[in-house]
Every structure is written in C-alpha cells, then in structure tokens.
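Engineer: Numbering (my numbering), first residue to last: 878 to 1298.
(1) Closest by CA to residue 1217, which one among 1184, 1199, 1205?
(2) I believe residue 1215 touches residue 1197 by the beta-carbon criterion, under 8 Å. Please report the beta-carbon distance rounded to the nearest angstrom.
(3) Please determine, among 1054, 921, 1138, 1282, the residue with the shortest C-alpha to C-alpha distance to residue 989.
(4) Can you grab the Cα-Cα spacing for the pair residue 1008 / residue 1021, in whole Å?
(5) From the DSSP output, which residues share a beta bridge with residue 1239?
(6) Which value, in whole angstroms, describes the spacing of the CA atoms of residue 1295 and residue 1268?
(7) Going by DSSP, name the residue or residues bridged to residue 1079.
(8) Under 8 Å: do the segment 1263-1281 and the segment 924-936 share three or more Cβ pairs, one atom per stretch?
(9) Tell me the DSSP bridge mates of residue 1004?
(10) Do residue 998 and residue 1044 count as a contact pair if the criterion is CB distance below 9 Å?
(11) Could you say if the segment 1072-1081 and the segment 1105-1113 meet the contact criterion of at least three C-beta pairs nearer than 8 Å?
(12) Taking the DSSP output, what are the residues bridged to residue 1132?
(13) Is it buried or exposed, residue 1048, if we count other Cβ atoms within 10 angstroms and call 16 or more buried?
(14) Do the segment 896-915 and the segment 1255-1262 meet, that is, are 3 or more Cβ pairs less than 8 Å apart?
(15) How would you call residue 1221, buried or exposed, if buried means at least 16 neighbouring beta carbons within 10 angstroms?
(16) Starting from the C-beta of residue 1003, find all residues in its chain whose C-beta is less than 8 Å away, skip the five residues before and the five after it, and write them out in chain order.
(17) I'd like to know whether the C-beta atoms of residue 977 and residue 959 end up nearer to each other than 9 Å.
(18) Please return the same chain residues whose Cβ sits closer than 6 Å to the Cβ of residue 1134, not counting the five positions on each side in sequence.
(19) Going by beta carbon distance, what residues of the same chain come within less than 7 Å of residue 884, once the five residues before and after it are set aside?
(20) Use the C-beta contact count for residue 1069: other C-beta atoms within 10 angstroms, 16 or more gives buried, fewer gives exposed.
(21) Taking buried to mean at least 16 other C-beta atoms within 10 Å of its own C-beta, is residue 920 buried or exposed?
(22) Given residue 964, which residues of its chain have a CB within under 8 Å of its CB, disregarding the five upstream and five downstream residues?
(23) Output the distance between the C-alpha atoms of residue 1035 and residue 939, rounded to the nearest integer angstrom.
(24) Between the beta-carbon of residue 1235 and the beta-carbon of residue 1275, is there less than 9 Å?
(25) From this set, 905, 929, 1083, 903, which residue's C-alpha is nearest residue 1125's C-alpha?
(26) Could you pull the start and end residues of the beta strand (DSSP E) that residue 1211 belongs to?
(27) Taking the alpha carbon of residue 1248 as the reference point, which residue from 1140, 1054, 1225, 1261 has its own alpha carbon closest?
(28) Buried or exposed: where does residue 942 fall if 16 or more other Cβ atoms within 10 Å of its Cβ makes it buried?
(29) Just checking my contact of residue 1101 with residue 1206 at CB under 8 Å: how many whole Å lie between their CB atoms?
(30) Going by alpha carbons, who is nearest to residue 1190 out of 1262, 1164, 1251?
(31) Between residue 888 and residue 992, what straight-line distance do the alpha-carbon atoms span, to the nearest angstrom?
(32) Is it true that the CB of residue 1051 sits closer than 9 Å to the CB of residue 1084?
(33) How long is the line joining the alpha carbons of residue 1228 and residue 1281, rounded to whole angstroms?
(34) Could you spell out where the alpha helix (DSSP H) holding residue 1227 opens and where it closes?
(35) As a quick exercise: from 1202, 897, 933, pick the residue whose alpha carbon is nearest that of residue 1156.
(36) Return the bridge partner residues of residue 1090 from the DSSP annotation.
Quick look at the structure:
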C-alpha cells in the first residue's frame, strides 16, 4: 500500500496544491533577486515608530485582566473604533454590527464555513485572489466562473450564470481587485445588488485596497449602496488593517447581517476563540491617536509614485511585449502578454524568474483551473524605486528572449497554442 493511500488526511486537503505565489515568495530572498510577485506593503512605509509607541504605551499599562481570554467578537474598544472607521467610509455601522477577525483572510474562511454547504455554488470572477478560492474549495464549494472585463465583474453576463448555476454566494472585490486592479463602476454596483436580491445570492464584498486610491476615491461600496437604496441584498463587507497599518497585526473587520454575524462568531469560537488581544490593544491605541488619516494620505502618495515608476519602466523596457493600463489604486499592474509570447504554465514562470532574476506572478495562479494565461501580475508596492526600474529591465530582456524562441520547434512542443480569451 502506498504512503498516499495510508494518509489520514482528507482527500480535499491531500490533493490540494499550494499557491504558486507562495513558491515564488520563497525565492524572493535569494541574493540578487528582484520580486515583483508579492502583494506585500513596502516595509519602508510601514509605521514602525507609531506602532512601537503604541506597543510601549500598551505594555506600560498592562494589568492582569488584559492578559485574559477576550470576547470572540473582539475587544469592545476596537470594535467601536472599527465601526467609526466604516462610518468614515460611508457605512452605517455600530460596534455590535462588526466582528474583529484574524486578518480579512479569516473572515473569508469563516464566511465560507457558515454560508456554503458542500456542493453549493460560489460565483467568482475569472481571475481571482487564490487564497479566497482555496477557502471556498475547502468548504466544499463548487466554484462558478463569472466573466469579467477591465471594469470588473460583467454583471450582464452574471445574470445568466445566476439563472443557470444558481450559486448561493458571490465573492467580489469591487475596488482595485487582485489581480486585475479593476474598479467596478457605480452603475454596475447598483445592478449587481439588484441581481443579488432577486436571485437571493449573498454577496461577500472584500475591500482590502479601497483606501489605496491615487486620483479619486472609488464609488461607494456595495454595502453602502445597499444600505442607502434599501435593495434588500444580503451583503457581508470586510476590510483589512494589513494594507493600511501593518500585516503583522493580522487584524481585519467584518460587518454582516445579524444572522450571518451570529454564525460567524460561533465558527470563530471553534477556530481560534478570539484574535490576539495584545495586537487588538495595540491597534486600538493606534486608531485612538487620529494619525491614520495622515498615514493613509502618505501611503496614497507613495504608492501612486511607485505605480508611475513601474508603468514608465514597463513602457520603456517591455514596449510591444506587454499591454496594461496604469493603475489608479491598489498594489498591482495587470499586464497582458503580446501574442508573440508563448503561453506557459506556472512552473515555467518560476524557471523564468530564476533565469532572469526577476519574479512576476503568471495569470494561471489566479485562474480557477490554474491553466496557462496570457497575463502577468506585477506588484509595485513592495520593491523600492531602483528595484522597480531594474525589475522592468530584467523582465523586458527575459520576455524578448522568450519571443525570440517562441517559434522554434522545441517551444511548440512545450507550450500550447494561443487561443482567444
């Protein structure tokens, strides 16, 4: 009997593959490597001094009760501060309507557990955040693909999907989506809410990048429009402190209908009892200092400059090889490969990165079936300006090398023919 046959691990997990992005991140620390792969904030922009001040203040005031178990829903002071933050985003939110989660990733996982019956459909865009897809799959969901374009989810084509596949849940990132960077227009948001209400589909609105806008703020969130128009859709809204404060805190916020929130709290009790109290105390102190508005303004200015730097470098070094729109927010450039370039599986892009000392995430990593796609996701958030310039230069050299060999017999043996998207 083989070792695989003897494993006590459920097939759902035993047969699951890890994210190609995580494999690339493992290579990012190699000497000389430039990574445009990870969706990580720039460490130079993380508020280390501010966080240190608040940690020291929290530590100096610690009492025995501060080190006890806490409420599953989160510390009352942080729930109140988070509700106030959501109010500033236009939402009608009270402390009792939100739950503090261990990052917004946990919110996705908990919602998948409480909303998705095994075998039930979850509608998602064609290209999507891999960890969300994984959470839904682990909950037993059948993923239902919805076409998208440069403005995000195609709501007109969604209607036929809702009618034929009848998914229970739809997961969507309307603001600066990962990986595409798309921003859903207001009219589409209104239409999406109408369809969700009519077909009784619960919307999971993930908004980690909504505050990272460069020129103008994006349209109101689905949750806000739902409240203002009374469209009667079921919307669970989440956001993360990882992108606007620090990933190390591992804290997020979830606002959902009362019955959904009640179920999420029960699931969270079983998952981790509550998120870390010391991290919650530290974040509460940070939010009480009223410096977040200034910090966000700094982040927007810095990331906008980095986006322009990468876009200009790509135009200079990858002209004719990549097509993309300059991002208006978020952390990513979503670039389409020229038809002269071969379609390659994810591992081939890992090999490409090792050869040319630059990492970019292939579109396959975000597709539902991990099939080769003519897209690359390039992050401008984490690298410094010099690394962005050198990364684009290396990427251009590597892509030109690929284009030069794409028509050779050996290339045709390894790479599939390009088809229309």
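Think of the CB as a built atom: it goes at the ideal place given N, C-alpha and C, for glycine as much as any other residue.
Structural biologist: Taking the structure as given:
(1) 1199
(2) 6 Å
(3) 1138
(4) 16 Å
(5) 1253
(6) Bear in mind that a pLDDT of 35 at residue 1295, under 50, signals an unreliable position, so the number given afterwards is only what the model happens to contain. Distance between the alpha carbons of residue 1295 and residue 1268 is about 26 Å.
(7) 1046, 1111
(8) no
(9) 1244
(10) yes
(11) yes
(12) 975, 1114
(13) buried
(14) yes
(15) buried
(16) 1022, 1023, 1024, 1025, 1244, 1245
(17) yes
(18) 1111
(19) 891
(20) buried
(21) exposed
(22) 970
(23) 52 Å
(24) yes
(25) 929
(26) 1209-1214
(27) 1225
(28) exposed
(29) About 17 Å; that fails the 8 Å criterion.
(30) 1262
(31) 22 Å
(32) yes
(33) 17 Å
(34) 1223-1233
(35) 933
(36) 1206
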